[in-house]
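Report on the following structure.
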RNA sequence: GCGGGCAUAGUUUAGUGGUAAAACCUCUGCCUUCCAAGCAGAUGUCGACAGUUCGAUUCUGUCUGCCCGCACCA
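In my numbering, the protein residues as written are 20 to 527.
Written out as structure tokens, the structure reads:
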């Protein structure tokens with residue numbers, strides 16, 4: 020039975036338990052009761068995460084000619100976030116309906132006073148109407164206003180409605196605006212805003228002038244440092260800047276294990292292209308690249324899908340955004356966002372800093388502000404996807420077996436080395452020699468405790484792809500030992516040279 | 001942020017107004033020639049803080065965390 024067939028909740032809890040039990044991932048600050056939205060990666064989790072990071076960096080930066088790396092600081096000048104729109108835009112004012120317990124985004128909740136003009140020309144406000152944003156919000160409100168007039172039996176003619184979203188409402192008006200959920204006034208709260216950026220202070224003085232933010236994304240580093248990189252590295256369009264690093268968002272409700280946490284690690288790449296280049300084709304190429312990459316580290320293609328953001332939901336500076344979705348146990352959710360971001364960010368920084376954000380393009384002999392294609396992904400989300408797709412339970416000779424089928428490239432340990440028996444010194448010596456030889460090049464594990472079958476199962480549970488066992492034939496006959504495959508359980512006899520050659524081939 | 005449920009060992013669970021147990025895991029020894037064997041032993045637990053009480057893991061409150069639903073999600 021694969022983990023995918025178990026009930027969603029159980030499957031996720033099982034994976035969370037395993038992660039804890041084997042020291043892969045656990046809650047931050049557990050001895051103090053834990054802290055919501057923060058996680059620690061234990062010895063195995065740290066290896067797994069590092070391997071994912073390294074694989075991405077190797078493929079994205081080292082193995083390409085057109086992408087360079089960057090590590091920008093987590094705390095940047097606060098004006099960076101004014102230019103990027105995060106100081107304003109990361110604030111989502113929300114309105115709650117106390118009665119129905121529903122919550123609405125304030126900028127999507129519209130209202131209008133209903134004003135009737137009497138025969139004598141006097142204007143009377145008979146009440147308020149409200150409606151959520153829809154295909155035709157104005158028509159909805161109009162219909163409700165007419166309804167209200169009819170119900171109250173008001174005489175006179177309706178004045179044309181003045182529609183505004185609820186952020187524009189006066190506090191005394193909030194009390195009179197009906198909740199779109201119940202149709203009755205008096206249950207709405209004033210709009211309350213949540214800024215998702217963590218604030219801190221730089222320097223000893225703690226006042227408004229010392230406020231700084233922990234970055235909510237790594238991308239701005241690439242834009243802010245764009246000019247310096249262009250001036251110092253001889254890059255030519257099209258080219259990319261890649262960065263891996265921590266970002267922080269003060270999420271209202273962190274959920275689903277490490278899927279949505281308050282401190283997370285991003286791998287982002289900004290690919291700069293000529294403004295006249297075929298951005299759509301470039302976007303498509305990156306979509307494909309990212310999907311192929313996920314498959315290359317062992318994520319099954321059938322758990323992946325694309326989600327194209329509808330035009331009306333795009334941020335105003337985005338021409339197109341497509342998310343690569345993954346079928347997590349708790350549902351199909353975003354894994355990797357690939358956005359065509361236009362030249363918005365560079366132009367914003369040019370405007371706010373007063374420094375030109377241009378590059379001289381040899382091909383067209385012109386100075387241009389490039390456009391950007393941005394594949395942005397969370398290391399933690401990839402790790403979760405990897406963990407969920409690697410988890411299997413099967414049966415071996417009537418016993419349940421838990422196995423993590425990690426791709427060898429990202430498995431924490433590549434090989435485990437066992438002496439068949441630990442009370443036979445020649446076996447132990449030979450096993451330890453092999454262990455030391457392997458360790459120079461790979462992360463490997465040595466284990467001599469317990470029955471051999473138990474040792475195999477322990478490695479299965481942490482996803483070690485191969486186990487080798489030194490037996491009497493190894494030391495008395497031909498030097499060969501058995502290598503046992505995690506997924507097929509097959510055993511073969513091979514020599515040390517063959518083992519190294521195989522690892523070179525599978526991991527190189 | 002709202003509503004509901006939950007919190008006992010690393011994991012899964014039992015249990016009690018008189019400071020707690022099992023299985024698995026882990027560790028040690030014996031044994032063991034390839035898939036969680038056996039025997040002997042060992043480590044380790046009532047989420048936190050108050051209150052009631054002679055005494056609270058148990059009752060009450062607050063907090064924290066986890067799960068589910070709603071809402072939100074760059």
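C-beta: ideal position from N, C-alpha, C; glycine also.
- For residue 301, DSSP assigns no beta-bridge partner whatsoever.
- Residue range 485 to 489 is occupied by the beta strand (DSSP E) that includes residue 486.
- The beta-carbon distance between residue 71 and residue 402, rounded to whole angstroms, is 6 Å. This is short enough to meet the 8 Å contact definition.
- Non-local C-beta neighbours of residue 420 in its own chain, meaning closer than 8 Å and more than five positions away in sequence, comprise 412, 413, 414, 476, 479, ordered along the chain.
- The secondary-structure analysis by DSSP pairs residue 512 across a beta bridge with 501.
- Per the coordinates, the alpha-carbon of residue 157 lies some 21 Å from the alpha-carbon of residue 142.
- Closest in C-alpha terms to residue 149, from the list 138, 101, 137, 181, comes 181.
- Residue environment: residue 207 is assigned as buried (16 or more neighbouring CB atoms within 10 Å of its CB, all protein chains considered).
- With a cut-off of 8 Å on Cβ pairs, the region 363 to 374 is in contact with the region 236 to 255, counting three or more such pairs.
- Annotated three-state conformation of residue 138 is coil, per DSSP.
- Here DSSP, grouped into helix, strand and coil, assigns residue 365 to helix.
- Non-local beta-carbon contacts of residue 363 in its own chain, meaning distances under 6 Å to residues more than five positions away in sequence, involve 336 in chain order.
- Taking all protein chains in view, the Cβ of residue 299 is surrounded by fewer than 16 other Cβ atoms within 10 Å, so the residue is classified as exposed.
- According to DSSP, residue 378 shares a beta bridge with 387.
- Only exposed fits residue 460, as fewer than 16 other CB atoms lie within 10 angstroms of its CB.
- Note: residue 418 is bridge-paired with 415 in the DSSP secondary-structure output.
- By the criterion of a C-beta distance shorter than 6 Å, residue 60 is surrounded in its chain by 44, 68, once the five residues flanking it on both sides are discounted.
- Counted as a single uninterrupted DSSP element, the beta strand (DSSP E) harbouring residue 285 occupies residues 282 to 292.
- Excluding the 5 residues flanking it on each side, residue 175 has same chain C-beta neighbours closer than 8 Å at 135, 136, 137, 138, 143, in chain order.
- Counted as a single uninterrupted DSSP element, the alpha helix (DSSP H) harbouring residue 448 occupies residues 444 to 458.
- Excluding its 5 nearest sequence neighbours in each direction, residue 493 has C-beta neighbours in its own chain below 7 Å: 449, 499, 500, listed in chain order.
- By the neighbour-count definition (other C-beta atoms within 10 Å, threshold 16), residue 103 is a buried residue.
- Boundaries of the alpha helix (DSSP H) around residue 69: 62 to 76.
- Secondary structure at residue 328: coil, using DSSP grouped into helix, strand and coil.
- The Cβ atoms of residue 348 and residue 31 lie closer than 7 Å to each other.
- In chain order, 432, 435 place their CB closer than 6 Å to the CB of residue 464, counting only its own chain and leaving out the 5 sequence neighbours on each side.
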